[in-house]
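Engineer: Those protein sequences? They're chains X and G, same order as listed. Using the numbering used here, read the first sequence as starting at 20 and increasing by one per residue. Using the numbering used here, read the second sequence as starting at -18 and increasing by one per residue.
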Amino acid sequence: MSQITLKNVTKEFMTRGGHRVVAVDNFNLTIKEGECFSFLGPSGCGKTTTLRMIAGFEDLSEGEIWLGDKPVSIKSKNLYVPPEERGLGMVFQSFAVWPHLNVFENVAFPLRVMKLPKHEIRERVLSALSHTDLLSSERVYPSDLSGGQQQRIALARSIVTNPRVMLLDEPLSNLDPKLRESMRFEIKALQKKFNFTIIFVTHDQSEAMALSDRMLVMDLGKIVQVGAPDELYQNPTNKFVYGFLGLSNFLKVEAVKGNVFPKGGADMPIPFKLPVGVADGDGLLASRPNEIDISMDAEGGYPAKIEKRLYMTFCIEYHIKIGKQSIRIHTSHANVFPEGSDCFIHFKNPRWYAKESQEIELERTERQVL
Amino acid sequence: MKYFLTHMFQRKSSMGDRRFGLDQGLFILSLVILIVTVLFPILMIVIRTFFKGTQLDWRLFTQVVLAPENLSAIINTVRIAFMVTVFGTLLGLFYAWLIGRSDIPLKGVMKALFTIPYMFPPFFGAMAWSLMLAPRSGYVNKLFMQITGGTSPLLNINTIGGIVFVETCYYFPFVFLQVVSALERMDPTLEESARIAGAGQWYVIRKITLPLVLPAIAAGAMLILISSLSHFGVPAILGFSNNIFTLPTKIYQLINRSAGSFQGIREGASLSILLVVVVVAALYLQRLVLKTGHYDIIKGKSMRPMLIKLRGAKIPMLSISLVSLFVIVVVPLFMIFIVGFLKAYGLPLKLENLTMRNYQYILGQSKMVQDSIVNSLFLSVSSGIITMFLGVMIAYVVIKVKPKGKGFLEILSLLPYSIPGIVLAIGVILVWSGAFGVNLYNTIWIILIAYIARYVSFAMKSASASLEQVHYSLEEAARSCGATHLESLRDITLPLIRPGMVAGFFLIFLPAMRELTTSVLLYGPFTRTLGVAIYAINSEGNTVQASALATVAIGIIVAGNLALRFITKERKGL
């Protein structure tokens, strides 16, 4: 009964300049019980606002939110359940552990609100602390602990009431990279143990992909694509999703009579079949740097020129010139070619996308500063 | 002290690796200035109280302390300060919560109104309330007696309660501003995570919000307590006529009555020590309270906190706030303004009773008033400039040079903060009236020295705040580009803190312009300050002229504040 349903959820803000911004635009979504679901998108896309509406910190401008079969926000009926009555767990980016309470008291807080008997509080707090590896710091104050430990307090505090739904608002982005990785596993392990539904908000695509059963990519307040991580990675629906989910090259191209030519004056077509239904005209050829072969062999390759070579830990990166445009290629350390030499490349899995209008990009930057 | 200095020099030379450079020079200079202006006066008070010649002598002290009239002054002081602190804190908290966490409208207007009591000296308020609620002559009381036909006044402002009321009106912003700023800086997710944990609004306020702003409350409350303990103006204006004395007014009376005789000053010094003991006890209390809570609540994204909906209570709350602010802020200023135009005090407030004569007299004829305006302008500007530079120098030494002994320097510079103005004045008299071969008594210079000592803490604090923003690397980058130490200071550090310095100047200029407590003991026949002139004219019973002069002072203060606001707004561009 912990499925989460959002129906036509819309949130509008007035900026200080009296400008109206639609932060979340007609959001329809069902998150299944026990699922780990991520909201992924750049800052300003509305993902945190959506989460805060589910938590009850923001009212809706329109729409409904249901937790299981219980409505918590229905704008048209003016129904609004305050956050403390929604029975959720939540972990914040800033940890939000209370500096005036020690670790035990931080974790005990939700139970004290419930007025549970002392021995039960103690029992449950200690159990939560043992699950988050904090037993030895029971009497310590948060300021004496590291960021990772503080986030563990927040985790312990959110699981102590055994909630069915856990909201995670960029919980890992204040941690250093190594810790971030190990905390991912901890969160996953906790979910397995307690079997709650997770909504995970992040702007980090690898985090979202590693954690989620399903995820959605948001842009400019709208859902762009929903699906399992591999579905999204294999089949991005537009240029934005493609670019957001991994390293990418976008080669400006033009299709003439079904043949695709790079912009900037090459007369040889790129071996690529236009998808069905795409007409001639300008477009983008998207490719991932590790999905391009490079060789000195002319066979089946497209002529290009090596501009720069960077030796890196996990690969060699080549900057390749195709006409006047430049793309990146990641290849194994075995392929060492000199800079300045001519080469041939082969796109293994190229995709065709329509170009984005400049207004969209402008709007994206505007929303980030809001 | 000598020991300390030689010791320090030895340490430097024993290190042997550095020349006597600019930094050391600044350190020594700061130290010497602070010792002379701050430490000497305080030491002299102790010495004069406890030593007769070179002989230790407790008799004077015990005699003064145990005198019944002084004992009652102690009790009054503590009682008043305690009540002012309690009421001021409650009032400040109430408004801070309304503005910081509720959805009450007109927040901007209310916040602006709250800064007004900050601008004016509380003794203006005492004068204004006296105009309204003096037992027989106050306008409100007269109106009340007319209506009821009785002879008993509505309220008598010349009581302990009256003093508490007026001081509360002027000191509650200490708590208000501290708490509002703490609430604004507080990470909203601290409260949100409690809501998610199942706690309702009031539970969150009790268990999370209040404990987290407790340090701010305590800091504000202690500021009120210390200010009230050392406060002179209000009890002087409201208490004298009814024989209600506090320690500062008693000290003033002792010195005044003895007409500057040495015995009188000694007695005043003894009482001063008592006052300092009370203040230090309060400061100690503050440290005890603050020790428990020192944590960082400023982090996280800047998100709007969830505002609590007042719903039905919105209009009543707004009315209460606006009416009380109106009574506390607007009414007193209006009274002073209107009475300044009256032909004589006590005349009904009607158009035909108004005149410009008071202004003509004080601005055109009274040499004393003209002198006082010139004196105050001179003192405020010069002490503002000197102290501001002194503050920058000390802050630079403490923050950037960090010599051994910087702790001592810091304590010295912050000491005047906790020394009541009236006590400082006595110390300055003891040092600068010939005891060390320099006699500045009755000159304007002795007041200047006292102002510098009094405001050096302000300057030091404000300069520290701006210097801490200037990262080491900025100066180091200049050095690495080939600038000398002096050049990097002159071309990089000073320009960067210039806006802070200008603001710092005004933070001294404005209170100095209305200063009363210190000047009232130090002024000579030709060195009255604006505050002293208003106070003197008022105590002579020339209420209308005092009000007119107070209106002039209000004008100057408002102009200064507007200038300050303009400058701090421009700050970003500088």
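For every residue, glycine included, the Cβ atom is placed at its ideal position computed from N, Cα and C.
With a threshold of 8 Å, are at least 3 pairs of Cβ atoms found where one atom belongs to the segment 198 to 215 of chain G and the other to the segment 260 to 267 of chain G?
Structural biologist: Touching, yes, given that three or more Cβ pairs across the two stretches are closer than 8 Å.
Engineer: Return the first residue and the last residue of the alpha helix (DSSP H) that Thr149(G) is part of.
Structural biologist: Per DSSP, Thr149(G) belongs to the alpha helix (DSSP H) from Ile141 to Arg166.
Engineer: Around the C-beta of Ala294(G), are 16 or more other C-beta atoms found within 10 angstroms, so that it is buried, or is it exposed?
Structural biologist: The residue is exposed, with fewer than 16 neighbouring Cβ atoms inside 10 Å.
Engineer: Using 8 Å as the limit for Cβ to Cβ distance, is Arg176(G) near chain X?
Structural biologist: Yes, Arg176(G) counts as interfacial toward chain X.
Engineer: For Ile205(G), which residues from the same chain have a beta carbon less than 7 Å from its beta carbon, with the 5 sequence-adjacent residues on both sides left out?
Structural biologist: Val65, Thr66, Gly69, Thr70, Tyr152, Phe155 and Val156.
Engineer: Contact check, Ile23(X) vs Ile73(X) under 8 Å by CB: the rounded distance?
Structural biologist: Confirmed, about 7 Å.
Engineer: Which full runs of the alpha helix (DSSP H) of 4+ residues lie inside the segment 444 to 525 of chain G, going along the chain?
Structural biologist: As far as the segment 444 to 525 of chain G is concerned, its whole alpha helix (DSSP H) runs of at least 4 residues are 453 to 461, 466 to 469, 475 to 494, 500 to 503 and 511 to 520.
Engineer: Just to make sure I have the definition right: I need the residues of chain G whose C-beta is within less than 9 Å of the C-beta of Phe58(X). Which are they?
Structural biologist: Chain G residues near Phe58(X): none, gap ~16 Å exceeds 9 Å.
Engineer: Of all the options His222(X), Ser231(X), Thr180(X) and Leu186(X), which has the alpha carbon lying nearest to the alpha carbon of Phe204(X)?
Structural biologist: Considering only alpha carbons, the answer is Ser231(X).
Engineer: Identify the contact partners of Pro102(X) in chain G, using a Cβ-Cβ distance below 8 Å as the criterion.
Structural biologist: Correct list: Glu173, Arg176 and Ile177.
Engineer: Going by the DSSP bridge assignment, what does Leu235(X) pair with across the sheet?
Structural biologist: DSSP output for Leu235(X) lists Phe58(X) and Val245(X) as bridge partner(s).
Engineer: For Glu103(X), count neighbouring C-beta atoms within 10 Å of its own C-beta (all shown protein chains included) and say buried if the count is 16 or more, exposed if not.
Structural biologist: Buried, by the Cβ-count rule.
Engineer: For the candidate residues Ala227(X), Asp188(X) and Leu303(X), whose alpha-carbon lies nearest to that of Pro248(X)?
Structural biologist: Pro248(X) has its Cα closest to that of Ala227(X), out of Ala227(X), Asp188(X) and Leu303(X).
Engineer: Could one say the Cβ of Tyr398(G) lies closer than 8 Å to chain X's Cβ atoms, at least one of them?
Structural biologist: Judged by the 8 Å Cβ criterion, Tyr398(G) is not in contact with chain X.
Engineer: Nearest by alpha-carbon distance to Met337(G): which of Phe318(G), Ile433(G) and Ala109(G) is it?
Structural biologist: Closest option to Met337(G), Cα to Cα, is Phe318(G).
Engineer: Below 6 Å CB to CB, which residues in the same chain sit around Leu421(G) once its five sequence neighbours on both sides are set aside?
Structural biologist: Same-chain partners within the cutoff: Trp413 and Ile427.
Engineer: Which residues of the segment 145 to 169 of chain G have a Cβ closer than 9 Å to any Cβ of chain X? Give them in chain order.
Structural biologist: Result list: Asp168 and Pro169.
Engineer: Measure the beta-carbon distance from Ile189(G) to Leu107(X) and round it to whole angstroms, keeping in mind my assumption that it falls under 8 Å.
Structural biologist: Actually they do not touch by this definition, with Cβ atoms about 18 Å apart.
Engineer: Taking Cβ positions only, does Gly585(G) come closer than 8 Å to chain X?
Structural biologist: Since the first and last residues shown for chain G are -18 and 555, residue 585(G) lies out of range.
Engineer: Could you check how far apart the C-beta atoms of Glu326(X) and Ser306(X) are, in whole angstroms? I think they sit under 8 Å.
Structural biologist: Glu326(X) to Ser306(X), Cβ: 17 Å. No contact.
Engineer: Identify each residue in the segment 299 to 320 of chain X for which the Cβ-Cβ distance to at least one residue of chain G is less than 9 Å, and report them in chain order.
Structural biologist: Cβ contacts with chain G come from no residue of the segment 299 to 320 of chain X.
Engineer: Select from Ala285(X), Phe111(X), Arg171(X) and Pro182(X) the residue whose C-alpha is nearest the C-alpha of Lys343(X).
Structural biologist: The candidate whose alpha carbon is nearest that of Lys343(X) is Ala285(X).
Engineer: Mind checking which residues open and close the alpha helix (DSSP H) that includes Leu228(G)?
Structural biologist: From DSSP, the alpha helix (DSSP H) with Leu228(G) extends over Leu228 to Arg238.
Engineer: Is Leu545(G) near Phe487(G), with beta carbons less than 8 Å apart?
Structural biologist: Result yes, Cβ atoms of Leu545(G) and Phe487(G) sit closer than 8 Å.
Engineer: Cβ of Val437(G) within 8 Å of Cβ of Pro492(G)?
Structural biologist: No, the Cβ-Cβ distance between Val437(G) and Pro492(G) is not below 8 Å.
Engineer: Relative to chain G, which residues along the segment 24 to 37 of chain X have a C-beta separation below 9 Å, given in chain order?
Structural biologist: Against chain G - using a Cβ distance shorter than 9 Å - the segment 24 to 37 of chain X contributes no residues.
Engineer: Give, in chain order, every residue of the segment 334 to 351 of chain G whose Cβ lies closer than 9 Å to some Cβ of chain X.
Structural biologist: So the list is empty, because no residue satisfies the distance condition.
Engineer: Where Leu344(G) and Gly321(G) are concerned, what is the direct C-alpha to C-alpha distance, given to the nearest angstrom?
Structural biologist: Cα to Cα, the separation comes out at about 13 Å.
Engineer: Considering only DSSP beta bridges, list what Leu25(X) is partnered with.
Structural biologist: Paired residue(s): Leu48(X) and Ile84(X).
Engineer: By the 7 Å beta-carbon criterion, what residues does the segment 464 to 486 of chain G contribute toward chain X?
Structural biologist: Going along the segment 464 to 486 of chain G in chain order, one finds no residue with a Cβ nearer than 7 Å to chain X.
Engineer: Sort out for me which residues DSSP pairs Val220(X) with in a bridge.
Structural biologist: BP columns for Val220(X) point to Phe58(X) and Asp188(X).
Engineer: Taking contact to mean 3 or more Cβ pairs, one atom from each stretch, closer than 8 Å, check whether the segment 119 to 133 of chain G and the segment 73 to 92 of chain G are in contact.
Structural biologist: Too few Cβ pairs lie closer than 8 Å, so no.
Engineer: Assuming Ile548(G) and Ala484(G) form a contact by the criterion Cβ under 8 Å, report the distance between their Cβ atoms to the nearest whole angstrom.
Structural biologist: That belief holds up - the Cβ atoms of Ile548(G) and Ala484(G) are roughly 6 Å apart, short of 8 Å.
Engineer: Would you decide whether Ile379(X) is buried or exposed? Buried here means 16 or more other CB atoms lie within 10 Å of its CB.
Structural biologist: Exposed, by the Cβ-count rule.
Engineer: Looking at Leu41(G): is its Cβ nearer than 8 Å to the Cβ of Ser251(G)?
Structural biologist: Against a cut-off of 8 Å, the Cβ pair of Ser251(G) and Leu41(G) comes out as a contact.
Engineer: Closer than 8 Å is the cut-off here; do at least three beta carbon pairs connect the segment 500 to 520 of chain G with the segment 353 to 371 of chain G?
Structural biologist: Cβ pair count under 8 Å is three or more, so yes.
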